[in-house]
Structure formats: structure tokens, C-alpha cells
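A.B. asks: No gaps in the numbering here: position 506 of the sequence shown is 538 in this note's numbering, and each next residue is one more. Even for Gly, the Cβ is constructed at its ideal location relative to N, Cα and C. It should be emphasised that the depicted structure is a prediction, and the values quoted were computed from it without experimental measurement.
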Amino acid sequence: MDRTRPLTLLLAGALAAGGLLALTPVAAVAADAELARNGGFEAGLDGWTCTAGSGAAVSSPVHGGTKALQATPAGSDNAKCSQTVTVKPNSSYELSGWVRGSYVYLGAAGTGTTDVSTWTASAPDWQRLSTRFTTGASTTSVTIYTHAWYGTPAYQADDLSLFGPGGDPVQLPAAPAGLAAGSPTSTSVPLTWSAVSGATSYHVYRGTTKVQTVTGTSATVTGLTPSTAYTFQVSAANSAGESAKSTAVSATTTSGGGGNPGLPAHALVGYLHASFANGSGYTRMADVPDSWDVVNLAFGEPTSVTSGDIRFGLCPATECPNVESVAEFKAAIKAKQAAGKKVLISIGGQNGQVQLSTTAARDTFVSSVSKIIDEYGLDGLDIDFEGHSLSLQTGDTDFRNPTSPVIVNLIQAVRTLKAKYGAGFVLTMAPETFFVQLGYQYYGSGPWGGQDPRAGAYLPVIHALRDDLTLLHVQDYNSGSIMGLDNQYHSMGGADFHIAMTDMLLTGFPVAGNSERFFPALRPEQVAIGLPASTQAGNGHTSPAEVNKALDCLTKKTNCGSYQTHGTWPALRGLMTWSINWDRYNQWQFSRNFDAYDWS
33 MDRTRPLTLL
43 LAGALAAGGL
53 LALTPVAAVA
63 ADAELARNGG
73 FEAGLDGWTC
83 TAGSGAAVSS
93 PVHGGTKALQ
103 ATPAGSDNAK
113 CSQTVTVKPN
123 SSYELSGWVR
133 GSYVYLGAAG
143 TGTTDVSTWT
153 ASAPDWQRLS
163 TRFTTGASTT
173 SVTIYTHAWY
183 GTPAYQADDL
193 SLFGPGGDPV
203 QLPAAPAGLA
213 AGSPTSTSVP
223 LTWSAVSGAT
233 SYHVYRGTTK
243 VQTVTGTSAT
253 VTGLTPSTAY
263 TFQVSAANSA
273 GESAKSTAVS
283 ATTTSGGGGN
293 PGLPAHALVG
303 YLHASFANGS
313 GYTRMADVPD
323 SWDVVNLAFG
333 EPTSVTSGDI
343 RFGLCPATEC
353 PNVESVAEFK
363 AAIKAKQAAG
373 KKVLISIGGQ
383 NGQVQLSTTA
393 ARDTFVSSVS
403 KIIDEYGLDG
413 LDIDFEGHSL
423 SLQTGDTDFR
433 NPTSPVIVNL
443 IQAVRTLKAK
453 YGAGFVLTMA
463 PETFFVQLGY
473 QYYGSGPWGG
483 QDPRAGAYLP
493 VIHALRDDLT
503 LLHVQDYNSG
513 SIMGLDNQYH
523 SMGGADFHIA
533 MTDMLLTGFP
543 VAGNSERFFP
553 ALRPEQVAIG
563 LPASTQAGNG
573 HTSPAEVNKA
583 LDCLTKKTNC
593 GSYQTHGTWP
603 ALRGLMTWSI
613 NWDRYNQWQF
623 SRNFDAYDWS
């Protein structure tokens, strides 16, 4: 339907004495026109971008023509489909369209004045939505969109229209200049380049394959092979299209990497209450059975939340009458190491909140942790930051490029420690599910604010350090229900929970439902399952039979129950438990079951 309005020219004239007609020209006004591209979706999704692959063009139901948009919310994704349109400053526009479904929205963002939206709570049949807005003095483009609400069924939209003065055509951006590769790791290469005027995003290519799209001027390409040469290029893009590619840059990955220095193919990790008893009784280092391949000393704690000054000492004799001397403790550590075991200092825990909010705290963290490692001759570090230690500031929405100081400073601190101690340094992490798998649904305070800023806050730390990471053992306990990759909620205590949570780590997932921000899978040898050793140790205790079912499913694709994994991982590293002390209290049930399990 043609809704173009004709351009009007005003003529003013007077018959002069000499018989001449005088014309007074008036400045032309831009013609109103239909600006939405493919608003009837007759050309599929051409011109439209839908979050998390939620949208598609369907042939039924339709409002007009032969096609309409159908989009389905999933998880934390509201199935938003949008288009950026060129407009003129200080101009008025009408946005309209037809929708079907529950809680369907139509709106415009980036207007430069007041962004607008309209919605319907229920439209069992086609319903027209419309709204108006005026652009700001410097506004040259707006984004029009439609979406539904979380957890609602699929909705439909058709004949979307933006009517008003057309803006000047957007110019294709120039090719980026200054592409440079930073220091590679064994599986990643960081890239930077210069900003391009008019670009709204950049495409990163590895060889001829597009591997990332980012809005900033840096990216880290991951998932690479050690000791391999790669070539990279970058292009700039906006609504007019994609520029030519930049000059290529080459980089070769290193042969190192975090690896799993000195660990057996399948390892048992446990926390030793070295500085407290916690009702389970004190266990001397020398009395820890040989079943345990990694012993995490719990805990190094800060002198204050923000100091970064970590201290560690043995349990006081008043609380632990059978505590050994410091000399005996150090000798027992050496004996464990001589038997091929690893002993780490674990930082944090439930009561040890650590917030490295300043560079001074970061540097103090490095020096104080180094002092503990050197004094006791330890093999590395376990990061067990809980509670409010890690959170994301408002606007920190991309786990690949974090900006929150507590996140950035922790990453830098751990990298410094890794560089100091070299390839043999063992690095493990024990986050709660709230800080990792919950990131599939929610990340930080969210695009509109109001969410818990801690949601998914471990993801940037894990991602930045994945090449240095020896083991990630998420705590599959003391957890609420978490949505898995099947978009179903899973509750702790049985095999299903451990299968679903581990599958997420070994498959990878879009963060907050955004397919352009995909958290890549970890290697199976980097992953262990965290469980409580007894019913007294924490909520979510899992019986030995259920533990074995989880291992069977993940490593052999048997005993999987209703959840279907996305792969089979016989190289899964093993199990972690809280704690060695509680396992002893429970007659060593957890470690004996691990020793008896048949991995073949």
C-alpha cells in the first residue's frame, strides 16, 4: 500500500510594473515515505535481526501477503526482532504494525528524545499497534523492534511500518586499519584495530571464516590449536553493509597452555579444613588418604573485604586440639607432593569475601598469595570466591570484554601469578552455579537493569583464564534450580542435575540467550563435578549410585535418564568434594566410591 505524500512547493508571485512574474522559492521539505525494509517479511528476515535465532518467516498465520514473522521466547530471551532505519533529525514518525500473541511489544529506540513502545496483553487474532515519536536534533537513525515476554508462547508480527521523512543514505564504512595481534596463548589470539567512522559493528575473520561480531575495537579469537599459525582480518559494518576486509595479520599460538600438570587421567579433588574444624573434626595433612589427587587448603582469607591482603594459618589448638605443628604440616605437604599429589591454597570460601576493586588491592593480592605459596611450598591456587566477591557493574554486558574492576583486577592478578610460577602452576576454580550456569538465562543486571549483578559473574574470569585453567569444578550444591540447555529447570540432589550442569560446560552456551555472545565449551580434562561428601556437608548431597549414573552418562552415554547430552566425554577429569573432613566423618564413602568407579 503506497502511503507516500506529495512534496508541496509554495509559489508567491506579483505582477511587476514591467510585466515580470517574481517567484519566491521556499526550502523543500523531505517527503514522508515508508522506511521499514521488508516490513511484511515477504523476503524472510531480510533486514531484520532476531535475538538467539528466535525468529522465522512463516506462511501461516499472516495478516497481509504470504509471509509473517513468528518468534519464540526462550530462557531469558524475549525474542526481540529489530531493524535500524535511517531518519532525519527533528522529524516526526509513525510506527505501526499488526501482531498476534500475548504481551507483544512494538517500539522504537535511539530516537534522541523519548523512546516509545506500545503493547498488547492479549491478541488472539491480529491487532494493530501504533505509536509516534519525534527524533532529536542529531538523530540520524533509530531502531524499530518487536518482542514478546519471557516464558510466553510464540508470537506473530506482520506489515510493520515506519512512516516519515527518509534520512540521508548511510555510507558504507571504510576497511579498518591498524589491525594487530597481541600475545597468543596456546588456544587464543587477542586482536585490536582502529575505530572506523560510521561503523556500528566489526566482523572478525580467521582465514575466510567469520568467527566473531563485536561492537568495540578488540576481540579475542578462542578455540585455536596449539603451535599453529593463523591469519586474521577485520571488516567494518553498518546498515549500509560490510566494508572490505582489513590488511591481514598473522599469529602463531604457543605450545603451552594451562593443561593439567601432573594430574592423573581421572582425579579426585577435596578441600581440607586446614584453618578450622567446622563440626567435622580436624584432619591432619599426613592423615589424608592417597585417594585424593588434589588437596585444597581451606581457606586463605582477606584481612578485610577490599584489602586484597590474604592470610592463612593452621586451625587454632583451642578449636582443633589435634592440630599438627607448622613444621609437621609443611613436611606432610612435601610427602604428598613426592607421591604425585598437588596441594593448593584455596582463597575465599563462604566467609572470605574478596573484592579486588582497586589496582592496589590487586597487587597486594598477588604479593600476599605468593607469600603463602612460597612459605608452604604449594603447587598453585584455587579460587573459591563466593557471596558478593564478584559482581558486574551496570553496563558490563559482554563476558568477553569485562569492565568491572573486581573482575578485571582478579584476571590480571591470576595472570601475574601464573607468569611468576610458570607452566607447572595449578589453577582451579570452584564457583557456585549462580555465577556460571545461571548465565545462560541472566547476566549481570541485564539490559534493562534490575537483575542481580552477580548472575554469571564468574564467566568472564573463566573465559579470560581458560588457557591457564587446570580445573573448573562448579559447586553442584547449595544451589537453586537452574535451567539447562534443554530449557528445563533442574534441581540438585540427583544425577540429572550434575548431567545437565556439566553438559553446559562441555557444550558451551549463549550468555543471557544472546547467540552472538557464546561462552565456548571447556575441554573435558578441565572439568570436574563438585558435590558434597555427606548430608552434613551441604544441601544437594547425591548418593553414590546417582553419582555413578552421572559419570556413566557423561563419559559413556549410558544411564542418562531424560536429559540428552550434547556429546560424550570419556576424558572428564573427575570429581571434587566439600570436603575431605566431611568424607572422613562419613566413613570415607565419597572417596571409596570414586576409587571403585570403572571409567573404562
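List the whole-angstrom C-beta distance separating L554 from L504, where the pair is believed to meet the contact cut-off of C-beta under 8 angstroms.
C.D. replies: Here residue 554 refers to the residue found at position 522 when the sequence shown is read from its first residue. Here residue 504 refers to the residue found at position 472 when the sequence shown is read from its first residue. Contact holds; Cβ gap of about 6 angstroms.
A.B. asks: Are there 16 or more other CB atoms within 10 angstroms of the CB of V228, so buried, or fewer, so exposed?
C.D. replies: Reading the sequence shown from its first residue, position 196 is the one you call residue 228. Per the 10 Å Cβ criterion, buried.
A.B. asks: Of the residues L192, V221, G599 and A251, which one's Cα is nearest the Cα of Y234?
C.D. replies: In the sequence shown, the residue the question calls residue 234 occupies position 202. That would be A251, whose Cα lies nearest to the Cα of Y234.
A.B. asks: If contacts are defined as beta-carbon pairs under 8 angstroms, then F466 and R498 qualify, I think. What distance do you get, rounded to the angstrom?
C.D. replies: Residue mapping note: residue 466 aligns to position 434 of the sequence shown, counting from 1. Residue mapping note: residue 498 aligns to position 466 of the sequence shown, counting from 1. The pair is not a contact, with the Cβ atoms about 20 angstroms apart (cut-off 8 angstroms).
A.B. asks: Rounded to the nearest angstrom, what separates S69 and S259 at their Cα positions?
C.D. replies: Residue numbering aside, residue 69 sits at position 37 when the sequence shown is read from its first letter. Residue numbering aside, residue 259 sits at position 227 when the sequence shown is read from its first letter. Looking at the sequence provided, one finds Arg at residue 69 rather than Ser. Cα to Cα, the separation comes out at about 46 angstroms.
A.B. asks: Starting from E360, trace the alpha helix (DSSP H) both ways and give me its first and last residue.
C.D. replies: Within the sequence shown, residue 360 is the residue found at index 328, counting from 1. Note, E360: alpha helix (DSSP H), V358 to A370.
A.B. asks: Count the CB pairs spanning the segment 612 to 622 and the segment 310 to 324 that are closer than 8 angstroms, and state whether there are at least three.
C.D. replies: Touching, yes, given that three or more Cβ pairs across the two stretches are closer than 8 angstroms.
A.B. asks: What's the C-alpha gap between Y187 and K277?
C.D. replies: The residue labelled residue 187 in the question sits at position 155 within the sequence shown. The residue labelled residue 277 in the question sits at position 245 within the sequence shown. C-alpha separation (whole angstroms): 38 angstroms.
A.B. asks: Can you tell me whether N433 is helix, strand or coil according to DSSP?
C.D. replies: By one-based count along the sequence shown, residue 433 stands at place 401. It is coil, neither helix nor strand.
A.B. asks: Throw me the rounded Cβ distance for the S423 and A489 pair, which I believe falls under 8 angstroms.
C.D. replies: Within the sequence shown, residue 423 is the residue found at index 391, counting from 1. Within the sequence shown, residue 489 is the residue found at index 457, counting from 1. Between A489 and S423 the Cβ distance is about 6 angstroms, and since that is below 8 angstroms, they are a contact.
A.B. asks: With DSSP as the reference, please indicate the residues paired to M608 in a beta bridge.
C.D. replies: By 1-based counting over the sequence shown, the position of residue 608 is 576. Looking at the DSSP assignment, M608 forms a beta bridge with V301 and G562.
A.B. asks: Closer than 7 angstroms: is that where the CB of S566 sits relative to any heavy atom of the ligand ZN?
C.D. replies: For the structure depicted, the ligand ZN is absent and the ligand set is empty, with no information on it obtainable.
A.B. asks: Which ranges would you report for the alpha helix (DSSP H) in the segment 484 to 558 if only whole runs of at least 4 residues count?
C.D. replies: If we require 4 residues or more, the alpha helix (DSSP H) runs fully inside the segment 484 to 558 come out as 491 to 496 and 527 to 539.
A.B. asks: Buried or exposed for N328, going by 16 or more other Cβ atoms inside 10 Å?
C.D. replies: For the purposes of this step, residue 328 is taken as residue 296 along the sequence shown, with counting starting at 1. It counts as buried.
A.B. asks: Where L563 and A111 are concerned, what is the direct C-alpha to C-alpha distance, given to the nearest angstrom?
C.D. replies: Numbered from 1 along the sequence shown, position 531 holds the residue referred to as residue 563. Numbered from 1 along the sequence shown, position 79 holds the residue referred to as residue 111. Answer to the nearest angstrom: the Cα atoms are 35 angstroms apart.
A.B. asks: Only counting the same chain, and skipping five residues up and downstream in sequence, which positions put a Cβ closer than 6 angstroms to that of L537?
C.D. replies: As a working mapping, residue 537 is identified with position 505 in the sequence shown. Taken in chain order, the residues that qualify are L554 and V559.
A.B. asks: Which partner residues does C592 have in the DSSP bridge list?
C.D. replies: As a first step, residue 592 is located in the sequence shown; it is residue number 560 there, counting from the start. C592 is not bridged to any residue.
A.B. asks: Return the CA-CA distance between G97 and G76, expressed in angstroms with no decimal places.
C.D. replies: By one-based count along the sequence shown, residue 97 stands at place 65. By one-based count along the sequence shown, residue 76 stands at place 44. Between G97 and G76, the C-alpha separation is close to 12 angstroms.
A.B. asks: Give the DSSP-derived three-state secondary structure of C352 in the structure shown.
C.D. replies: Mapped onto the sequence shown, residue 352 falls at position 320. Coil.
A.B. asks: May I have a chain-ordered list of the beta strand (DSSP E) segments no shorter than 3 residues that lie completely inside the segment 175 to 226?
C.D. replies: 187 to 197 and 221 to 224, all fully within the segment 175 to 226.
A.B. asks: So, are the CB atoms of V401 and G332 less than 8 angstroms apart?
C.D. replies: Sequence index remark: in the sequence shown, residue 401 carries index 369 (1-based). Sequence index remark: in the sequence shown, residue 332 carries index 300 (1-based). Cβ distance < 8 angstroms, so V401 and G332 count as in contact.
A.B. asks: Please tell me whether V559 has its Cβ less than 8 angstroms away from any Cβ of chain C.
C.D. replies: The structure shown contains no chain C; it is built from a single protein chain.
A.B. asks: Per DSSP, what kind of secondary structure is G471 in: helix, strand or coil?
C.D. replies: Taking the first residue of the sequence shown as position 1, residue 471 is located at position 439. G471 falls in the helix class under three-state DSSP.
A.B. asks: Only counting the same chain, and skipping five residues up and downstream in sequence, which positions put a Cβ closer than 6 angstroms to that of E351?
C.D. replies: Along the sequence shown, one-based indexing puts residue 351 at 319. Excluding positions up to five away in sequence, the list reads A309.
A.B. asks: Is D414 near A462, with beta carbons less than 8 angstroms apart?
C.D. replies: Taking the first residue of the sequence shown as 1, we reach residue 414 at position 382. Taking the first residue of the sequence shown as 1, we reach residue 462 at position 430. In this structure, A462 lies closer than 8 angstroms to D414 by Cβ.
A.B. asks: Do T81 and S114 have their C-beta atoms within less than 8 angstroms of each other?
C.D. replies: Position 49 of the sequence shown, counted from the first residue, corresponds to residue 81. Position 82 of the sequence shown, counted from the first residue, corresponds to residue 114. Closer than 8 angstroms, so yes.
A.B. asks: Determine the burial state of K374: buried for a count of at least 16 other Cβ atoms within 10 Å of its Cβ, exposed for fewer.
C.D. replies: On the sequence shown, position 342 is the one that residue 374 refers to. It is buried - the Cβ of K374 has at least 16 other Cβ atoms within 10 Å.
A.B. asks: Do you know offhand how far G142's Cα is from V148's?
C.D. replies: For this step, residue 142 is matched to residue 110 along the sequence shown. For this step, residue 148 is matched to residue 116 along the sequence shown. Roughly 10 angstroms between the two C-alpha positions.
A.B. asks: Y177 to A140, Cα distance in whole Å?
C.D. replies: Position 145 of the sequence shown, counted from the start, is the residue given in the question as residue 177. Position 108 of the sequence shown, counted from the start, is the residue given in the question as residue 140. Straight-line Cα distance between these residues: approximately 6 angstroms.
A.B. asks: Using only the alpha-carbon positions, how far apart do F431 and A349 sit?
C.D. replies: Mapped onto the sequence shown, residue 431 falls at position 399. Mapped onto the sequence shown, residue 349 falls at position 317. The straight-line gap from Cα to Cα measures roughly 44 angstroms.
A.B. asks: Would you please state the rounded distance, in angstroms, between the beta carbons of S134 and A153? I believe it to be under 8 angstroms.
C.D. replies: Residue 134 sits at position 102 when you count from the first residue of the sequence shown. Residue 153 sits at position 121 when you count from the first residue of the sequence shown. With a Cβ gap of about 7 angstroms, S134 and A153 count as contacting.
A.B. asks: Any idea if G239 is buried or exposed, counting beta-carbon neighbours within 10 angstroms, 16 or more meaning buried?
C.D. replies: In the sequence shown, residue 239 corresponds to position 207, counting from 1. Exposed is the call here.
A.B. asks: Does DSSP classify G572 as helix, strand or coil?
C.D. replies: As a first step, residue 572 must be located in the sequence shown, where it is residue number 540. Reduced to three states, the DSSP call for G572 is coil.
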